[in-house]
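*Asks:*
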Amino acid sequence: LSDQMHRVSIDSFQPETQRYALKRGVGYLNDIQGFPDPALYPDIAEADCRLVVMHSAQRDGIATRTGHLRPEDALDEIVRFFEARVSALRRSGVAADRLILDPGMGFFLSPAPETSLHVLSNLQKLKSALGLPLLVSVSRKSFLGATVGLPVKDLGPASLAAELHAIGNGAD
202 LSDQMHRVSI
212 DSFQPETQRY
222 ALKRGVGYLN
232 DIQGFPDPAL
242 YPDIAEADCR
252 LVVMHSAQRD
262 GIATRTGHLR
272 PEDALDEIVR
282 FFEARVSALR
292 RSGVAADRLI
302 LDPGMGFFLS
312 PAPETSLHVL
322 SNLQKLKSAL
332 GLPLLVSVSR
342 KSFLGATVGL
352 PVKDLGPASL
362 AAELHAIGNG
372 AD
């Protein structure tokens with residue numbers, strides 16, 4: 202699937218899947234745990250793909266309702282996480298221009314919609330503090346449904362509005 206015109210993106214937090222993708226020239230590698238395994242770093246450093254380093258209030262597995270980051274703590278927590286993770290990746294030889302940061306949204310932050318809304322409204326602060334591109338994925342997230350009172354199937358317009366808001370606030 203991958204060629205000069207089309208770059209494949211793989212979303213996985215499993216090191217064996219990540220290694221497989223890296224060896225096959227994946228264009229983007231996205232880890233919802235933010236690449237926590239330093240044993241993978243030499244392989245990452247040797248590759249030339251872009252890395253989407255995602256923050257999650259939960260440090261393992263997929264998003265559940267167990268993360269409870271409060272809105273007033275969210276930005277500081279996200280900045281601390283990224284400072285540590287970016288530093289570790291850079292020390293291992295990963296160039297800064299390969300890194301894209303994702304603050305996580307919805308259950309990755311908290312079941313409370315206020316936390317995601319707070320982060321979404323303060324993306325420029327994150328971008329200024331971290332100095333790297335921001336990717337924000339809010340499409341049909343639970344916090345949008347809780348905010349507008351609609352089921353997932355009807356969240357297209359709310360998703361578009363949130364994405365446009367994210368772009369206006371610093372998302373790349």
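Start counting the sequence shown at 202; every next residue gets the next number (the numbering used here). Even for Gly, the Cβ is constructed at its ideal location relative to N, Cα and C. Just so it is clear, the structure is predicted and the values come from calculations on it, not from any experiment.
Which runs of the alpha helix (DSSP H) fall wholly inside the stretch 236-297 and span at least 4 residues, in chain order?
*Replies:* 242-247 and 272-292
*Asks:* Tell me whether Asp373 sits in a helix, a strand or coil according to DSSP, three-state version.
*Replies:* In the sequence shown, residue 373 corresponds to position 172, counting from 1. Residue state for Asp373 is assigned as coil, using DSSP reduced to three classes.
*Asks:* Find the nearest neighbour of Ala372 within the set His207, Leu310, Asp212 and Leu327, judged by alpha-carbon distance.
*Replies:* By one-based count along the sequence shown, residue 372 stands at place 171. Minimum Cα distance to Ala372 is reached at Leu327.
*Asks:* Would Val287 and Leu333 be called neighbours here (beta carbons separated by less than 9 Å)?
*Replies:* Along the sequence shown, one-based indexing puts residue 287 at 86. Along the sequence shown, one-based indexing puts residue 333 at 132. In contact: Val287 and Leu333 (Cβ atoms closer than 9 Å).
*Asks:* To the nearest angstrom, how far is the alpha carbon of Asp355 from that of Pro239?
*Replies:* Indexing the sequence shown from 1 puts residue 355 at position 154. Indexing the sequence shown from 1 puts residue 239 at position 38. Annotation: Asp355 to Pro239 spans about 41 Å, alpha carbon to alpha carbon.
*Asks:* Buried or exposed: where does His207 fall if 16 or more other Cβ atoms within 10 Å of its Cβ makes it buried?
*Replies:* Taking the first residue of the sequence shown as 1, we reach residue 207 at position 6. So His207 ends up on the exposed side.
*Asks:* What does the alpha-carbon distance come out to for the pair Ala222 and Pro216?
*Replies:* By 1-based counting over the sequence shown, the position of residue 222 is 21. By 1-based counting over the sequence shown, the position of residue 216 is 15. About 10 Å.
*Asks:* If we count Cβ pairs, one from each stretch, closer than 8 Å, do we get three or more for the stretch 293-301 versus the stretch 343-362?
*Replies:* no
*Asks:* Relative to the C-alpha of Ala275, which residue among Ala285, Glu284 and Ala258 is closest?
*Replies:* Here residue 275 refers to the residue found at position 74 of the sequence shown. Per the Cα distances, Ala258.
*Asks:* Can you name the start and end residues of the alpha helix (DSSP H) that Leu345 belongs to?
*Replies:* Sequence index remark: in the sequence shown, residue 345 carries index 144 (1-based). Taken as a continuous stretch (DSSP letters only), the alpha helix (DSSP H) holding Leu345 covers Ser343 to Val349.
*Asks:* Are the beta-carbon atoms of Gly307 and Ser317 separated by less than 9 Å?
*Replies:* Here residue 307 refers to the residue found at position 106 of the sequence shown. Here residue 317 refers to the residue found at position 116 of the sequence shown. In contact: Gly307 and Ser317 (Cβ atoms closer than 9 Å).
*Asks:* Give the straight-line distance between the Cα atoms of Lys224 and Leu351, rounded to the nearest whole angstrom.
*Replies:* Residue 224 sits at position 23 when you count from the first residue of the sequence shown. Residue 351 sits at position 150 when you count from the first residue of the sequence shown. Those two C-alpha atoms are separated by around 42 Å.
*Asks:* If you follow the beta strand (DSSP E) that Ser317 is in, where does it begin and where does it stop?
*Replies:* Your numbering for residue 317 matches position 116 in the sequence shown. Not the beta strand (DSSP E): Ser317 falls in the alpha helix (DSSP H), residues Pro314 to Ser322.
*Asks:* In the DSSP assignment, the alpha helix (DSSP H) including Leu223 goes from what residue to what residue?
*Replies:* By one-based count along the sequence shown, residue 223 stands at place 22. Looking at the DSSP string, the run of the alpha helix (DSSP H) that includes Leu223 is Pro216 to Lys224.
*Asks:* Once the 5 residues before and after Lys342 are set aside, which same chain residues still bring their CB inside 6 Å of it?
*Replies:* Position 141 of the sequence shown holds residue 342. Hits under 6 Å: Met306 and Gly307.
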